[in-house]
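A.B. asks: Residue numbers (my numbering), protein chains in the order written: chain G, 1 to 330; chain X, 1 to 330. Beta carbons: idealized from backbone N, C-alpha and C, even for Gly.
Protein chains: 2
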Amino acid sequence: MNLHDLQTPALLIDAGALEHNLKTMSAALPGPKLRPHVKAHKCTELAKRQAARGHRGFTCATPLEVVGMAKAGLGDDLLLANESLDPRRLEAMAECEGRVTVAVDSEATIEAAARCGIHEVLVDVNVGLPRCGCPPTDAGRLAESARRQGLRVRGVMGYEGHLMAVADRETRQAGVEASMKQLLEAHALTGGDIVSAGGTGSYDINPWANEIQAGSYALMDTEYQKLGLPFEQALFVYATVISKCPGFAVGDSGLKALGMDHGNPDMLGATVLFCSDEHITFVPEGDLAVGDRVRVVPGHVDPTMAKHERVHVVEGETVLETWPVDLRGW
Amino acid sequence: MNLHDLQTPALLIDAGALEHNLKTMSAALPGPKLRPHVKAHKCTELAKRQAARGHRGFTCATPLEVVGMAKAGLGDDLLLANESLDPRRLEAMAECEGRVTVAVDSEATIEAAARCGIHEVLVDVNVGLPRCGCPPTDAGRLAESARRQGLRVRGVMGYEGHLMAVADRETRQAGVEASMKQLLEAHALTGGDIVSAGGTGSYDINPWANEIQAGSYALMDTEYQKLGLPFEQALFVYATVISKCPGFAVGDSGLKALGMDHGNPDMLGATVLFCSDEHITFVPEGDLAVGDRVRVVPGHVDPTMAKHERVHVVEGETVLETWPVDLRGW
């Protein structure tokens with residue numbers, strides 16, 4: 001199939017850029033040093049490419065992602081890097097065909113996991129991002145409580161997410177070091193083999209964690225591009241020009257097709273003015289006709305993927321494959 | 001079913017607030033004076049409630065919405081208030097069980113409509129929002145061209161969307177008047193019965209259009225609440241508190257469950273700090289425990305609805321009905 005046969009808005013992965021990104025990351029963090037985060041793409045076919053490069057453990061943000069990965073035969077070592085109190089979802093994870101480890105950061109989350117048949121946990125530690133995670137000094141108490149309730153404690157996780165977008169590399173690095181010092185203090189209290197942390201923004205400046213939970217590196221977005229990382233833009237939203245006026249043109253990919261929490265997307269060869277539900281208004285550099293196709297570069301890869309049922313893998317004008325975005329929802 | 005049995009994140013409609021909004025709008029714009037925009041809710045069950053109040057014509061933003069509305073028996077008079085060049089989608093609309101009118105603003109869109117079996121069009125006129133629509137002075141030429149190609153021209157549409165969020169009512173009103181003057185000039189050139197325009201922000205200050213395309217009024221969001229309109233907040237995202245630290249708490253409804261293009265959502269009884277993919281970090285006013293439920297108020301109703309497969313209609317603690325959000329996608 002040719003690119004021009006696709007109905008728009010269509011989500012595109014540039015096959016060459018994806019390949020480059022997977023290869024580059026696997027060279028930096030081979031095998032179990034990387035636990036790819038599937039929330040960034042929600043696509044088991046893409047996860048299979050990551051597994052084929054030797055990364056057999058995965059990070060998930062929702063129970064649905066965990067269960068879906070196990071169903072797809074990718075259940076060797078799945079971490080829900082998030083807290084859940086939902087008995088139906090915890091039981092579904094406990095019963096799925098895979099090894100499932102769940103993050104816990106409170107007595108309530110430990111009790112819910114134990115009650116629903118989960119066997120293994122990581123203690124989630126707050127290392128500076130005001131989100132989930134216990135204070136580092138509470139990690140030992142929680143680990144003991146989990147063990148008392150029959151859970152195996154595999155170690156700690158702590159996401160230094162407040163540092164991912166820090167533009168200056170040295171400042172980012174100093175922040176990561178301070179965060180990881182807290183995580184290692186917590187780890188000394190919990191025991192276990194795993195110190196899980198990191199993301200695309202810290203993948204090469206976090207030697208303290210023994211596995212990195214990066215996800216965005218595979219597809220990239222305009223937010224991560226600002227950091228000057230060695231990963232290429234692989235994700236695009238393909239749009240048709242449906243209207244044109246002197247001074248601007250309008251494409252049919254609007255904010256319902258794009259993650260907007262990082263602001264407007266970019267475009268190749270154009271300046272974006274604004275997005276509406278089903279439109280993107282932009283100023284093209286060259287001449288464009290109604291019916292022409294254009295590429296939009298999302299500001300944030302994760303929610304962009306979550307808005308599409310499928311993604312097309314393309315090489316030049318050829319559509320090589322179409323993958324379902326099969327881990328959407330909760 | 002009780003509210004507390006719902007898995008979160010869950011989309012909630014307050015039945016009483018919805019009823020109030022539908023009633024208030026139908027009193028202001030009875031019957032055909034309102035052509036409700038289904039892009040705001042993407043839900044045929046909600047559209048049936050609007051139809052039951054006498055609004056039998058609907059506005060759609062995507063061909064999928066048009067075809068889905070016709071399938072649901074709501075095809076009396078469906079307007080695609082958007083341009084399409086997609087032959088498969090134009091043909092699907094032409095073949096659906098309903099009366100379908102399509103917006104056109106160029107020779108290309110007219111030719112596509114005529115070629116694919118569409119019978120009726122409105123000329124879409126740019127009245128100030130830099131998006132689709134021809135210059136007012138081009139409307140006559142396009143109407144003639146459409147008629148030459150066998151299309152029936154039902155009139156004009158022009159969305160004064162650049163004015164919807166103008167806080168001061170008098171400024172908004174003056175802007176709407178100027179925009180509608182342009183639309184009426186175009187209408188004088190096209191003929192036809194319809195002058196379609198407006199939205200929730202102009203529903204009571206646009207006497208120039210003979211039908212108003214409002215959609216958000218039914219469910220509302222924080223953006224439209226700023227205008228002091230007589231509609232109540234009816235849409236909420238229900239979240240579970242999954243983590244708690246001194247000073248903040250974390251709910252399990254993040255930016256993948258919320259339209260973020262208008263910025264952070266609000267919360268009842270709490271201050272929102274930030275949203276991540278699957279989390280909302282907030283400062284609660286009172287005391288909250290892990291496992292408690294909270295309500296989040298979306299910033300923008302349209303993309304929030306588009307992120308959920310279903311919506312629950314609730315009255316107090318009781319879930320009255322669950323409706324599929326069945327018009328998602330393109």
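1) Is the CB of Lys42/X under 7 Å away from at least one CB in chain G?
2) Strictly by DSSP, which residues pair up with Lys244/X?
3) Compare the C-alpha of Ser276/G against each of Gly54/X, Ser196/X, Leu129/X and name the closest.
4) Tell me Ala178/G's beta-bridge partners as DSSP assigns them.
5) Name the two residues that bound the continuous beta strand (DSSP E) containing Val324/G.
6) Mind reading off the beta-carbon distance from Ala234/G to Leu18/G? Whole number of angstroms is fine, and I expect it under 8 Å.
7) Check the Cβ-Cβ distances between Thr318/X and every residue of chain G, and say whether any is below 7 Å.
8) What three-state label does DSSP hand Ser202/X in the structure shown?
9) Determine the chain G residues that contact Gln149/X at a beta-carbon separation under 8 Å, and present them in chain order.
10) Is the number of C-beta pairs between the stretch 49-60 of chain G and the stretch 23-39 of chain G that are closer than 8 Å three or more?
11) Could you tell me if Leu22/G is buried or exposed, where buried requires 16 or more neighbouring beta carbons within 10 angstroms of its beta carbon?
12) Report the residues of the stretch 24-39 of chain G with a CB closer than 7 Å to any CB of chain X, ordered along the chain.
13) Can you pull out the residues from the stretch 84-102 of chain G whose beta carbon lies closer than 9 Å to at least one beta carbon of chain X?
14) May I ask you to report which of helix, strand or coil DSSP gives Ile212/G?
15) Tell me the DSSP secondary structure of Ser145/X in three-state form.
16) Distance cutoff 7 Å, beta carbons only. Does Phe248/G sit that close to anything in chain X?
17) The stretch 273-301 of chain G: which residues have C-beta closer than 9 Å to a C-beta of chain X, in chain order?
18) Using three-state DSSP, classify Ala70/X as helix, strand or coil.
19) For Ala209/G, tell me which candidate among Ala113/G, Ala239/G, Ala178/G has the shortest Cα-Cα distance.
20) Which complete beta strand (DSSP E) runs does the stretch 14-61 of chain X hold, if anything under 3 residues is left out?
21) Check the DSSP bridge columns for Asp5/X and list the partner residues they point to.
22) Assign Asn264/G to one of two classes, buried (16 or more other C-beta atoms within 10 Å of its C-beta) or exposed (fewer than that).
23) Check whether the stretch 216-226 of chain X touches the stretch 312-319 of chain X, taking contact to mean three or more Cβ pairs, one atom from each stretch, closer than 8 Å.
24) Using the three-state DSSP reduction, which class does Ala234/X fall into: helix, strand or coil?
25) Measure the C-alpha to C-alpha separation of Met305/G and Val100/X and round it to an integer number of angstroms.
26) Is the stretch 281-300 of chain G close to the stretch 195-214 of chain G, with three or more CB pairs under 8 Å?
27) According to DSSP, is Arg328/G part of a helix, a strand, or is it coil?
28) Can you list, in chain order, the residues of its chain whose CB lies under 6 Å from that of Thr8/X, leaving out five sequence neighbours each side?
29) For Ser106/G, which residues in chain X fall below 8 Å Cβ to Cβ?
30) Tell me the DSSP secondary structure of Ile110/X in three-state form.
31) State yes or no: is the beta carbon of Met260/G nearer than 7 Å to at least one beta carbon in chain X?
32) Of all the residues that make up the stretch 60-78 of chain G, which are near chain X by a beta-carbon distance shorter than 7 Å?
C.D. replies: Taking the geometry as given:
1) No, no contact with chain G.
2) DSSP, once it has assigned bridges, lists Ala249/X as partnering Lys244/X.
3) Selected option, being the one with the closest Cα: Leu129/X.
4) Partner(s): none; Ala178/G has no beta bridge.
5) The displayed chain sequence assigns Pro, not Val, to residue 324/G. The continuous beta strand (DSSP E) containing Pro324/G extends over residues 318-324.
6) Right, the Cβ-Cβ distance comes to about 5 Å (below 8 Å), so this counts as a contact.
7) Against chain G, the CB of Thr318/X has no partner CB under 7 Å away; the residue lies outside that interface.
8) In this structure, Ser202/X counts as helix in the three-state DSSP scheme.
9) The contacting residues do not exist; Gln149/X stays about 16 Å from chain G at best.
10) With three or more CB-CB distances shorter than 8 Å, the stretch 49-60 of chain G counts as touching the stretch 23-39 of chain G.
11) Classification for Leu22/G: buried.
12) The stretch 24-39 of chain G vs chain X, Cβ under 7 Å: Lys39.
13) For the stretch 84-102 of chain G, the set of positions with a beta-carbon nearer than 9 Å to some beta-carbon of chain X reads Ser84, Leu85, Asp86, Arg88, Arg89 in chain order.
14) Under the three-state reduction of DSSP output, Ile212/G falls in the strand class.
15) Correct three-state label for Ser145/X: helix.
16) It does: the Cβ of Phe248/G has a partner Cβ on chain X nearer than 7 Å.
17) Hits within the stretch, in order: Leu273, Phe274, Cys275, Ser276, Asp277, Glu278, His279, Thr281, Ala289, Val290, Gly291, His300.
18) In this structure, Ala70/X counts as helix in the three-state DSSP scheme.
19) Residue nearest to Ala209/G within the set Ala113/G, Ala239/G, Ala178/G is Ala178/G (criterion: CA-CA distance).
20) The beta strand (DSSP E) runs lying completely inside the stretch 14-61 of chain X and spanning 3 residues or more are 57-60, given in chain order.
21) Within the DSSP bridge table, the entry for Asp5/X names no partner.
22) By the neighbour-count rule (16 or more Cβ atoms within 10 Å), Asn264/G is buried.
23) They do not touch, by the three-pair rule.
24) Looking at Ala234/X - three-state DSSP - the assignment turns out to be coil, as it is neither helix nor strand.
25) C-alpha separation (whole angstroms): 32 Å.
26) Cβ pair count under 8 Å is below three, so no.
27) Three-state result, Arg328/G: coil.
28) The residues are Tyr238, Ala239, Thr240, Asp252.
29) Those within 8 Å of Ser106/G in chain X are Ser243, Lys244, Val290.
30) Three-state DSSP puts Ile110/X in a helix.
31) Interface residue, yes.
32) The residues in question are Ala61, Thr62.
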